[in-house]
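Taking it in order: structure first as structure tokens, then the write-up.
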Amino acid sequence: MEKSFNPPVALLDFIKRHDKFIITGHEEPDADCIGSQLALASLLRRLDKTVLLRSAGPFRKTEIISYKNLFSSEISAEDRADAAVIIIDCSNPSRTGCLCDGLKGLPLGIIDHHAAGNAVNADCAYIEPASPSSTVLVFSLFKSLSVKINEDEARLLFLGLCTDTGFFRHIDSGGGEIFRIAAELADAGASPKETFYKISGGKTLNSRLLLGTVLCHTEAHINGKLLISTETMAETEKYGVENRDSDALYQLLSQIENVEAVVVVRQSAANKCAIGMRSRDSVNVSKIAAVFGGGGHKNAAGAHTEGNVNSLKQAVISEFNKIMP
Ligand SMILES: [Mn+2]
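Next up, the structure:
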């Protein structure tokens, strides 16, 4: 089914009504969050608006580090004067981290593609869970406001789209509209080749060595349907926590035949562990995470809990045994 995205009139009015905007997104930003913030800032500046870019950071992911200096993590009284706020890629101001207090009481617009959790008291909201990225929603704003996308904007919008779709791997049949948008961005100056390298290249050797170490700990249980791995504090320290590449780890493990769920138990302190879980299709890992005091989504969940990697590994395996025949 074709789907095109159209911003609500209330958001277009909100943009027309205000002259000064603070644009922000969630803490621990990814390239969709940063790409959509920057592209929206560029759009609003071309409409002669004043724009302040804010992010709580940290800018960990290699593909966004080069944009770090365009953002500040503080909001002054002067910044607040006559300003309206647009939050992108999340629906709740609490997700903006340390910026949350500084945004209080200002007119608020939301642009997000996650299903809305708690209803937020916003002046306008463009929440479209069918959109694969926030940059697609910003793309639709360019269209509605009749602003031609320039080369820099095309690159930013494409970067967010590629990030959130796993370079188009998560798009199912019927997703032709997304490719029409991608085609338009490529024609406007975005390079799929360079974007792929930006997202998947630039890794450190230590990140691959840590990945290899954790892969070597992987055990198969329940006829190979559950894969579980561990990371000790000594290993984290040896290679550096900044070199952890969880996305790559989950991706490699979920490509193994018959696998339905993937779990990584990491020792985060002397008697504390972080448990991360991913599943394909029907296995609901958020239920397992809840047993350990955590939560999340059906196919991606996690928990922080007391214990050590070996005892928690056994506890996790027995929980999966209960739900996986
Ligand atoms: Mn996103």
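If you read the sequence shown in numbering that gives the first Met the number 0, its first letter stands for residue 0, the second for the next number, and so on.
Each residue gets a CB set at the ideal place from its N, CA and C atoms; glycine is no exception.
Please read all numbers here as calculations on a predicted model, not as lab measurements.
Please list, in chain order, all residues of the same chain as residue i whose beta carbon is under 7 Å from its beta carbon, the five residues on each side excluded.
i    : result
F291 : I274, A302, T304
E150 : A187, G188
E1   : The pLDDT assigned to E1 is 47, lower than 50, so where the model puts this residue is not dependable; a value taken from the coordinates is nonetheless given after this. For E1, where only same-chain residues beyond five positions count, the Cβ hits under 7 Å are G175, E176.
P191 : A185
Identify whether residue i lies in helix, strand or coil by the three-state DSSP scheme.
i    : result
T203 : coil
T231 : coil
R44  : helix
T95  : helix
A299 : strand
I316 : helix
D111 : strand
L52  : strand
I126 : strand
C272 : strand
K250 : The amino acid at residue 250 is misidentified as Lys; the sequence shows Gln. Helix, per DSSP.
F70  : coil
S310 : helix
F58  : coil
G34  : helix
V264 : strand
A219 : strand
I85  : strand
F157 : helix
Tell me whether residue i counts as near ligand 1, meaning its Cβ is closer than 8 Å to at least one heavy atom of that ligand.
i    : result
C336 : This structure cannot settle anything about residue 336, because the visible part of the chain is limited to 0 through 324.
S132 : yes
H113 : yes
G159 : yes
D31  : yes
D163 : yes
D88  : yes
I'd like the list of long-range same chain contacts for residue i, defined as Cβ closer than 8 Å, with 5 residues on each side in sequence excluded.
i    : result
K271 : H303, T304, E305, G306
Y238 : N205, S206, L208, L209, T212
H308 : Checking the displayed sequence, the identity of residue 308 turns out to be Val instead of His. Cβ within range, chain order: T229, E230, T231, V264, R265, Q266, C272.
Y66  : I33, L37, F58
G363 : The requested residue 363 does not occur in the structure, where the chain is confined to residues 0 to 324.
Since I believe residue j is in contact with residue i (beta carbons under 8 Å), could you give me their beta-carbon distance rounded to a whole number of angstroms?
i    : j    : result
R94  : I74  : That belief does not hold up - the Cβ atoms of R94 and I74 are roughly 15 Å apart, past 8 Å.
I177 : P131 : 6 Å
N298 : N257 : The pair is not a contact, with the Cβ atoms about 17 Å apart (cut-off 8 Å).
L98  : T134 : With a Cβ gap of about 21 Å, L98 and T134 do not count as contacting.
Got a sec? Which residues, its chain only, sit under 6 Å from residue i by beta carbon, not counting five neighbours each side?
i    : result
L252 : L226, V261
T49  : K19
L184 : A153, L156, F157
P6   : Y125, S139, L140, S143
P106 : A83, D122
I109 : I86, S90, A121, A124
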